[in-house]
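Have a look at the structure below before the remarks.
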Amino acid sequence: MSDRDRQLRAVATGRRGGRVHDRGRLLERETELRAAEGALDRLRRQAATQGNGGGLLLLTGAAGLGKTSLLAAVRSMAMSRDCGVLSARGGEQERGVAFHVVRRLLQPALAALSEAERRELFGTWFDIVGPALGMPTTAGPAMPTTGGPGTGGAGQGAALPDPQAVRDGLDWVVTRLALGNAPVVLMVDDAHWADAESMAWLASFASKVEDLPLLMILAYRPDQLSGSEALRRTADRNGVRPLGLSALTPEAVAELLRGELGEDAETGFCRECWVVTGGNPYETVELTANVLDRGILPTEASSPLLHRLAAATRGSGLVARLQQLGPASVRLAWAVALLGAEATPHLAATIAGLGPAESADATDRLRAARVLTGSETLEFAHPLIATAVYRAIPAAMRVAMHGRAARMLLDAGHGADAAARHLLETHPEGDPAVVKQLREAAQVCLRAGAPDAARRCLDRALLEPPAPEVRAAVLYELGCSSLLHSPPVTVNHLRSALEQPDVTPPMREGIILRLAQVLAHTDQLAEAAETVAEEARRVVDPRARLRLRTWHFIWSAFRDDEPDSAARSRRLARIADRLSGRDLTERYILGVRAWDAMVRAEPSAVVLDFAERALRNGMSWTDPEWGFEVPALVALTYAQCDRPHRAEELFAQGIRDFEIAGWRGAHLAFGYALLGYVRYRRGRLTEAEDLVRAGLQVADRVGEGAPAQYNAVAILIEVLLAKGEVAKAQELAARYSFAEPFPRAMMVPPPQAVRGELRLAEGRITEAAADIAAVGRKLESRGMVNPALFPWLGLLARCRAEEAPDTARSLARRQVERAERVGTASHVGSALRVAASLAGGVESLRLLERAVRSLEQSPAAYEHARALVDHGSALRRAGRIREGAEQLYLGMDVAAQCGADALVDRARGELGGVGLRPRRLRSVTTVESLTRGEREAAELAARGDGNERIAEKLRLEEREVARLLSSVFRKVGSDRPGLRAALGESGR
3 MSDRDRQLRA VATGRRGGRV HDRGRLLERE TELRAAEGAL DRLRRQAATQ
53 GNGGGLLLLT GAAGLGKTSL LAAVRSMAMS RDCGVLSARG GEQERGVAFH
103 VVRRLLQPAL AALSEAERRE LFGTWFDIVG PALGMPTTAG PAMPTTGGPG
153 TGGAGQGAAL PDPQAVRDGL DWVVTRLALG NAPVVLMVDD AHWADAESMA
203 WLASFASKVE DLPLLMILAY RPDQLSGSEA LRRTADRNGV RPLGLSALTP
253 EAVAELLRGE LGEDAETGFC RECWVVTGGN PYETVELTAN VLDRGILPTE
303 ASSPLLHRLA AATRGSGLVA RLQQLGPASV RLAWAVALLG AEATPHLAAT
353 IAGLGPAESA DATDRLRAAR VLTGSETLEF AHPLIATAVY RAIPAAMRVA
403 MHGRAARMLL DAGHGADAAA RHLLETHPEG DPAVVKQLRE AAQVCLRAGA
453 PDAARRCLDR ALLEPPAPEV RAAVLYELGC SSLLHSPPVT VNHLRSALEQ
503 PDVTPPMREG IILRLAQVLA HTDQLAEAAE TVAEEARRVV DPRARLRLRT
553 WHFIWSAFRD DEPDSAARSR RLARIADRLS GRDLTERYIL GVRAWDAMVR
603 AEPSAVVLDF AERALRNGMS WTDPEWGFEV PALVALTYAQ CDRPHRAEEL
653 FAQGIRDFEI AGWRGAHLAF GYALLGYVRY RRGRLTEAED LVRAGLQVAD
703 RVGEGAPAQY NAVAILIEVL LAKGEVAKAQ ELAARYSFAE PFPRAMMVPP
753 PQAVRGELRL AEGRITEAAA DIAAVGRKLE SRGMVNPALF PWLGLLARCR
803 AEEAPDTARS LARRQVERAE RVGTASHVGS ALRVAASLAG GVESLRLLER
853 AVRSLEQSPA AYEHARALVD HGSALRRAGR IREGAEQLYL GMDVAAQCGA
903 DALVDRARGE LGGVGLRPRR LRSVTTVESL TRGEREAAEL AARGDGNERI
953 AEKLRLEERE VARLLSSVFR KVGSDRPGLR AALGESGR
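Taken in order, the sequence shown gives residues 3 to 990; the numbers are from this note's numbering.
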């Protein structure tokens, strides 16, 4: 290349002599450069003083307007300020390669680290994020094989990370890189060609950079940006306006031309150059080079020649110019266009069918013609050239070359995932090897948290088509990869798999279970339950039948419209009574039996026995075959049986398992929200709100209207109502359109019931009664009569209190009877408190005294506080001021510990009404906060001593012992029977 050509290339690329051009060579880009300079100066200043200073800079413009040149100048400015730089470029041919841009960003930095340093950087995220970055991990196979559950087949693969987990892991890695190498600039050129997975991460991470010492700069063509909505929302939230590059003015074009052609370039000639190029910098530079090549004088008389010369810089004119370089150069250019970022000289030459000498000559010709650049990897001088060349390849030749590229990459050891993008472009030929390679590529994509990419591979494998004996397996894998991406399509794939000949029984079982799963997770629980029940009736193998019946019991447990719930419950009981819990199938049946016994108001001792048997030999939250539903039911069972400490342990374990496995979508949202619900049941309202809001934040990322979102909103409304924050609960319900249609799956608490509670708090009695009664009818029809699940009788009684007081009292009595049948202190006490509110005089006092005695034996601190305040208020109204004040003081203290501010204010008002000043409030609610007296009483109670015996040993009044133990139950999160386990596990 001549010196003149090199100068021209420097104008086009922003580089001269291998160094970034100074900003004076970038014409009419002062605004953009000032913005970049200001952002870099802020980054450097705040990174040094505050550890942040990051931001988002968006550069937009049509092809050829100089985005790459501008980024090169910004890169030079960043390096002159001692900023680390992570850079990548989207590729038109790599748009379908999952995490291509992310790998280009991070692999150079990671390659400089040792294996130990990389693992230290990634921490627990290594197995989740490593596959997305092309790094080998210790994780097992990505997708269950089709051998069948329990046989090393279906369900035996490793738990797959979901896309959100991979994005969270990338956040962690890049954040640590930024903090360890601050300040850092992350630059992506041609972001409009970024793969969907990388774009999703960039859009998500962009919202976090303001708090980091990291400046993110994205350059893209605005009309071609995939994932643009998410990025635009992030930009809007942060007040970021894209900087749009405009075409050069006639004056700038003239300055550029005279700088290269000489000061004597005539004004008419320069003006015509601007007209034919539209002020596009790339086209102007190429036109100038063509003028130099042909020795055309820059005079006005030469202006008519410019139209033809300009046409040679783009589209068909560029292709015609390429053909003049000879067949070898054309084939090499085709190969480079097809390979994209993989275009090493050897691979490109092999695909083009050129020998070493012929390839070297063709490369020189293409470089001299300003078509190619690069040495270790060949690339086009401008993306516009790459696009034009690729589109010019004859269709049949393009298909053949993609097939050859796939084979070459496989032979070179690059793996099926590298070859997959080429195989996707080939014609189906019924080749078993292609099917095998595409299935392997899908496995890699799933391990990387890219199910959409896996689905594309398997869709193409299905078109090949696979051999008859393999077709069912491909359909099954396709159903697994697109499980919730497109439920109707997934269902069709799985049903088609069942129709294939020679489907083995284990494979059929795996397909059936997956089909039921997708039906259940898309609110089609009735069909899910019937699918597995029908299959259970036809299978011969007893263990397979038991597994299928287990899933029938599971999906039936979540239905709110089960037609013959009692019969199903009897079958479940008969089976469970015979089981020892020797494997997961048996333990899951025992777990479902524990839940069923609880909702049907069987004695809590029976319920807890089944729960303990289910957990005795372990139960995984992330088993790929069994999922998280039954462990969640068992944990909720403990919570409703006054053992919240055990429920909290189980949910905390579930959350840890979800995070380790990379299940950071709906599973994690349910985990946080339900753990918050358990804290709510304990009366730890502030902690409950924090946990549920964390779950809601995760659920929001899953998708609007998802069951996880409904569940979190319902629990959060209950917590806010308990805190007395009705206005906040109303705002939350309005923001999330908390209304019909509610999910048909059974949830704890039922969303419609929670809406009824909210309406009751708003004073909309008639509407509240309608909601509560509707939920009650559903529960009654299924035999779910335990008020622990939802105390609808008591709530409906409150609604009926004014218009039908006798009916209200009858409803309240029914709730007391049911609670006493179960025997859990918290629910008995709550039911008695409601009954007392509908009674009068002496009867009300008697019921409230019973409620207080019952609740002080439970871990339900908020319910205990309500009963104490109600009792104290009733005593005050009865003229028993001293006794009432004692209860009000205690109730206010417990309410304050709960975070129930409205209840505190009510107690304070009651005390103020008789001229008493509230005492200083205490707020200790942990096991570690047990006083010496509380611990002594707790240890004696855990050994089996009754209150009278404890009073004798500690030389206290029996009433004081009851008070000490009430505080113990609240702090450790257990009732009296569970005290030994709670103290043993948390007190050691």
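Glycine is no exception: its CB is placed at the ideal position from the N, C-alpha and C atoms.
What you are looking at is a predicted structure, and each value in this text was computed from that prediction instead of being measured.
With a CB to CB cut of under 7 Å and the five nearest residues on each side skipped, what residues in its chain are close to residue i?
i	result
tyrosine 864	Gly685, Leu687, Ala724, Cys900, Ala902
histidine 404	Leu340, His424, Glu427, Thr428
isoleucine 774	Ala755, Gly758, Trp794, Leu797, Leu798, Cys801
alanine 64	Arg223
proline 979	none
arginine 260	Ala267
lysine 730	Leu722
Starting from residue i and walking both ways along the alpha helix (DSSP H), at which residues does that stretch end?
i	result
serine 828	827–840
alanine 671	668–684
serine 206	198–207
glutamine 699	687–704
arginine 423	418–425
tryptophan 127	First-last for tryptophan 127: undefined, no H or E at that position.
tyrosine 590	586–601
glutamate 742	Premise fails: glutamate 742 is in no alpha helix (DSSP H) and is neither H nor E.
arginine 882	No alpha helix (DSSP H) contains arginine 882, which DSSP labels as neither H nor E.
serine 622	No alpha helix (DSSP H) contains serine 622, which DSSP labels as neither H nor E.
Assign residue i to one of three DSSP states: helix, strand, or coil.
i	result
arginine 580	coil
valine 609	helix
glutamate 381	strand
lysine 210	coil
glycine 656	helix
alanine 469	coil
asparagine 713	helix
asparagine 54	coil
threonine 177	helix
tyrosine 392	helix
tyrosine 864	helix
lysine 725	coil
valine 278	helix
arginine 757	helix
State the beta-bridge partners of residue i as determined by DSSP.
i	result
isoleucine 219	Leu59, Met189
serine 783	Beta-bridge pairing links serine 783 to no other residue.
leucine 245	Leu61
arginine 561	Ala747
leucine 374	Phe382
Any heavy atom of the ligand NAP closer than 7 Å to the Cβ of residue i?
i	result
arginine 441	Absence of the ligand NAP from the depicted structure is noted, as is the absence of any ligand whatsoever, leaving it without description.
By the DSSP assignment, the beta strand (DSSP E) with residue i in it spans what residues?
i	result
arginine 91	86–91
Short of 6 Å in beta carbon distance, which residues of its chain neighbour residue i, apart from the five on each side in sequence? Order them along the chain.
i	result
proline 489	Val520, Thr524
alanine 984	His647, Val974, Ser976
phenylalanine 672	Ala710
leucine 220	Leu60, Val190, Ala193
tyrosine 679	Ile717
glutamate 588	Leu581
arginine 8	Caution applies to arginine 8, whose pLDDT of 38 falls short of 50 and renders its modelled position unreliable; the value that the coordinates give is listed next. Result list for arginine 8: empty, nothing under 6 Å.
glutamate 288	Thr315
alanine 364	Ala330, Ser331, Leu334
Buried or exposed: where does residue i fall if 16 or more other Cβ atoms within 10 Å of its Cβ makes it buried?
i	result
lysine 955	exposed
leucine 42	buried
arginine 576	exposed
proline 138	exposed
leucine 718	buried
leucine 115	exposed
glutamine 95	buried
Please list, in chain order, all residues of the same chain as residue i whose beta carbon is under 8 Å from its beta carbon, the five residues on each side excluded.
i	result
glycine 726	Ala902, Asp903, Ala904, Leu905, Asp907
glutamine 439	Ala408, Leu412, Ala418, Ala421, Ala422, Leu425
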